[in-house]
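Report on one structure; see the data block that follows.
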Amino acid sequence: MAEKIEVGVIGLGKFGLELALTLRKLGHNVTGIDTSEERVKSAKPYMSQVFQADGTDQQALEQLSFQDFSYVVVSTGDSMEASILVVLNLQEIGVNKIWVKAISEAHKKVLSKMGVDFVVFPEHFAAKQLAHKLATPGMIEYLSMGQDILIKEREVAEWAGKTLIDLNLTNNYHVQVIAIRKNGAEELDFVPKANQVLEASDVLIMIGQRENLMKLPE
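Using this note's numbering, the first residue of the sequence shown is number 1161, and each one after it goes up by one.
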């Protein structure tokens, strides 16, 4: 397992709480704060430490040692002003890595100009995911890398009896097979052997640019 990290989460709404819970499941330590007593009570059974506190209060952040965390994630609901003030407070107390959930393109632009390390716009990303899934049969995941990178699955079908070496998908289509699902199994065989003979019922999991994945024969 990777080295444990200490993460502070400011705002325990749906996004902040889900992030905190996932980090805990991955074995990392998470300290969360929220102004809502109800949200704090709901989060307590699942988090390392959780406090009712206001991220716009710089003194409160210092008292809770947010300056010592590896990362701090800001997810303060629908208030752009509160989010910006929290970021300013974190920068003031010397937090090294600040990640922020944006609520609009304008918010995202301001945060970027403030030098925030990473800005996520969940609604924007989810909309792109859905659009690509609708438009690309077999798509599993859309990766926001600026080049429409997708992960797509395809049954081996007419490629049965061949190997990945025979198919040479990297050179022929500029896509890469990253895993194979054998004969309807749930588990994936990651980094498959290039000389493995493929069966018709196998499913290839491929990554590449959308335009290249769409060129593959159906």
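Glycine included, C-beta positions come from ideal geometry on N, C-alpha and C.
Range of the contiguous alpha helix (DSSP H) that encloses residue i
i: L1373; result: R1370 to L1373
i: T1330; result: L1329 to Y1333
i: K1201; result: E1197 to A1203
i: E1359; result: From DSSP, E1359 is part of no alpha helix (DSSP H); its letter is neither H nor E.
i: A1345; result: Run containing A1345: none; DSSP gives neither H nor E here.
i: L1221; result: Q1218 to Q1223
Straight-line gap, residue i to residue j (C-alpha atoms, nearest Å)
i: R1184; j: V1270; result: 30 Å
i: Q1227; j: M1274; result: 18 Å
i: M1240; j: V1232; result: 17 Å
i: V1255; j: V1335; result: 40 Å
i: I1253; j: L1310; result: 39 Å
i: M1366; j: V1337; result: 4 Å
i: G1168; j: I1258; result: 10 Å
i: K1375; j: D1326; result: 18 Å
i: L1181; j: Y1206; result: 7 Å
i: I1170; j: I1193; result: 5 Å
i: A1220; j: V1260; result: 19 Å
i: T1236; j: T1296; result: 34 Å
Residue span of the beta strand (DSSP E) that contains residue i, given as start and end
i: E1178; result: No beta strand (DSSP E) holds E1178; the alpha helix (DSSP H) holding it covers K1174 to K1185.
i: Q1212; result: Q1209 to Q1212
i: Q1336; result: Q1336 to R1341
i: E1313; result: I1309 to E1315
Buried or exposed (CB count within 10 angstroms, at least 16 for buried), residue i
i: A1176; result: The sequence given here places Gly at residue 1176; Ala does not occur at that position. That one is buried.
i: L1179; result: buried
i: D1362; result: buried
i: P1352; result: buried
i: A1287; result: exposed
i: D1238; result: exposed
i: K1312; result: buried
i: F1278; result: exposed
i: F1229; result: buried
i: V1357; result: exposed
i: M1161; result: In this prediction, M1161 scores a pLDDT of 48, lower than 50, which makes its location untrustworthy; the coordinate-derived value is nonetheless stated afterwards. Flag for M1161 reads exposed.
i: L1290; result: exposed
i: I1340; result: buried
Bridge-paired residues (DSSP) for residue i
i: T1191; result: G1168 and Q1209
i: F1350; result: A1339
i: V1103; result: With the chain represented from 1161 up to 1378, any question about residue 1103 goes unanswered, as that position is not in the structure.
i: I1365; result: E1313 and A1339
>> Going residue by residue through the stretch 1236–1306, where are the continuous beta strand (DSSP E) segments of at least 3 residues, counting only ones entirely within it?
In response: Counting only runs of 3 or more, we get 1258–1261, 1278–1280 and 1299–1303.
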